[in-house]
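Residues 598 to 1042, numbered by the working numbering, are exactly what the sequence shown covers, in order. A virtual CB, placed ideally from N, CA and C, is assigned to each residue, including glycine. Just so it is clear, the structure is predicted and the values come from calculations on it, not from any experiment. Let me begin by presenting the structure, written as structure tokens, before commenting on it.
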Amino acid sequence: MSISLSSEGSFCAPAKDISCEAALVFGYAAAVVLCRKSGGNIFVGRDTRRSSDAFEAALTAGILSAGADVTSLGIIPEPAGAYLVKKLGADGFIMIGDPDREAAHSGFFFCDSGGLRISSDIAEKITAELTVKTVRCSERFGRKTVYENAVSEYADFILRNSDTELSGMTIAADCANGAVALAAEELFSSLGAKVYLLSCEPDGDNINSSCGLSHMEALADFVREKKCDMGISFDGFGSKCLAVDENGITADGEKLLAVFAKDMTERRLLANNSVVVSASANLGFSVFAEKNNIKPVSTKAGGSYILEKMLAGGFSLGGEQSGRLIFGDMNCESDGLLTAVRLISAVKRSGKTLGELCSVMERFPQVAINVKISEGWREAWKNIPELEEFIEKKEKELGGMGRIVVRESPAEPVIKVTVEGRRFDAVNTMAVEIAEKVRSLCAAI
């Protein structure tokens, strides 16, 4: 199997396709590249899927054989490992598992000594080591230790930076049978909130299975039934967070960004009065920002691009629709539990409901249609005058209260047509018309 890291420092595949030998080589390559001096120390954490135990053992063996030490953090949220590697001065952190998919998948996610996803340059160096596929044992084997207090220390970190006591709040939390299960219980109970923990019994096979961010309906039903103030849902890594309000209505990452941006503006905590968002952010966020004198700073979709823009501009808040939110004053990694605590605190502090806070942003209807095209039209479709004129005409019809994005998939001959606007029927009709025009003009050459 050919193995290499993505530009964001990760490798994911079906677990059956990742051999323990591959994990061994990953560990060795990571130690060779990440350790700044002879020896060094790599932190390793894992999620709750069954395969994580075996991959941790193999990964650890690879690191130790390179002469570096391993500190096992056990089952821990990924942002907790990113926080601890920076605080305790280790050379890197590797998280085993997969944030979004079910137990049949797994992977390795790499952070550097600063708790940041490794750069593309470092990813290339590790990939180069992987191509050798030979583990050469060091003259000095490393040692493995277990850090017993990892979860508690992470929870304490969030507690120390939480300025609101949450007694009187009733919260439902869907832990996706993943890495946040232990930390969520300790954290929320310490803050004084009454918490119903859902999907909090991992068995190795049920992570992200009919729970978590892809299954918000059950959480919404529970919130309504128990009359909770809100519901919180996490991914298997604990790096993302979405919510449902007191009526069971989902608040996506952009709605949460709007809530935080307004709250931080009112408390004069929003650096440069700006929020970093992806270029594909719903137009409703731009309308919200304009009304509240907040500047949206746009960048490519993806957590690494958002963080890069935040660090370059000194911004304190950024995120995207998926629920990946970053608070620059706290951590350089998106953190689901931190997001949840800050959200609950904002609701408690305001004296309003989450539904009322989320009403500051109106989400515009969006319709996306994928159109398969001939291989011969890849890239060339951009040079069709008739198509360009047709799209310009439709943009004028939107009258500045909508947006049209037509782009090509990098992986396959598909053009994605996306239209946003205030009225769904008009947006849907326009998306269909543009898709049909693309289809008629980009047939086989």
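- Assignment of beta-bridge partners to residue 963 by DSSP yields 1017.
- Secondary structure of residue 827 (DSSP, three-state): strand.
- Counting only unbroken stretches of 3 or more residues, the beta strand (DSSP E) elements lying wholly within the segment 641 to 698 are 666 to 672, 689 to 693, in sequence order.
- Taking 4 residues as the shortest admissible run, the segment 932 to 1019 contains the following complete alpha helix (DSSP H) segments, listed from N- to C-terminal end: 933 to 947, 951 to 955, 982 to 995.
- The DSSP assignment places 814 to 823 as complete runs of the alpha helix (DSSP H) inside the segment 783 to 849, in order along the chain (cut-off: 4 residues).
- Shown here, residue 761 sits in coil according to DSSP, grouped into three states, outside any helix or strand.
- For residue 924, the enclosing beta strand (DSSP E) covers residues 922 to 924.
- The three-state reading of DSSP puts residue 865 in coil, since its state is none of H, G, I, E or B.
- Within the same chain, Cβ atoms closer than 7 angstroms to the Cβ of residue 758 are found at 927, the five residues on either side in sequence being excluded.
- According to DSSP, residue 768 shares a beta bridge with 792, 827.
- A distance below 7 angstroms between beta-carbons, with the five flanking residues on each side excluded, links residue 885 to the following residues of its chain, in chain order: 855, 957, 958.
- Under the three-state reduction of DSSP output, residue 756 falls in the helix class.
- The continuous alpha helix (DSSP H) containing residue 727 extends over residues 717 to 729.
- In this structure residue 739 is buried. Its beta-carbon is surrounded by 16 or more other beta-carbon atoms within 10 angstroms.
- In this structure, the beta-carbon distance from residue 715 to residue 606 falls below 8 angstroms.
- Residue 694 is a Cβ neighbour of residue 704, given a cutoff of 8 angstroms.
- A straight-line Cα-Cα distance of about 20 angstroms links residue 800 and residue 669.
- DSSP, reduced to helix, strand and coil, places residue 607 within a strand of the structure shown.
- Straight across, the Cα-Cα distance linking residue 639 with residue 879 is about 39 angstroms.
- In summary, residue 742 is exposed, with fewer than 16 beta-carbon neighbours lying within 10 Å of its beta-carbon over all protein chains present.
- Inter-segment contact for the segment 619 to 639 and the segment 654 to 669 is present: three or more beta-carbon pairs are separated by less than 8 angstroms.
- With a 10 Å radius around the Cβ and a threshold of 16 neighbouring Cβ atoms, residue 1016 comes out buried.
- If the five residues before and after residue 934 are omitted, its C-beta is found closer than 7 angstroms to the C-beta atoms of 674, 755, 777, 780, 781, 784, 835, all from its own chain and listed in chain order.
- When the five nearest sequence neighbours on each side are left out, the beta carbons in the same chain lying within less than 8 angstroms of the beta carbon of residue 787 are those of 752, 756, in order along the chain.
- Residue 734 counts as exposed, since fewer than 16 other beta carbons sit within 10 angstroms of its beta carbon.
- Beta-carbon to beta-carbon, residue 665 and residue 628 are separated by about 4 angstroms, close enough to satisfy the 8 angstroms threshold.
- Per DSSP, reduced to three states, the secondary structure at residue 914 is strand.
- In this chain, the alpha helix (DSSP H) harbouring residue 882 covers 880 to 888.
- One Cα belongs to residue 865, the other to residue 895, and the distance between them is close to 22 angstroms.
- Of the residues 989, 691, 983, the one whose Cα lies closest to the Cα of residue 997 is 989.
- Per the coordinates, the alpha-carbon of residue 608 lies some 38 angstroms from the alpha-carbon of residue 1038.
- If you draw a straight line from the Cα of residue 768 to the Cα of residue 918, it is about 22 angstroms long.
- For residue 903, the three-state secondary structure derived from DSSP is helix.
- If you draw a straight line from the Cα of residue 612 to the Cα of residue 831, it comes to about 22 angstroms.
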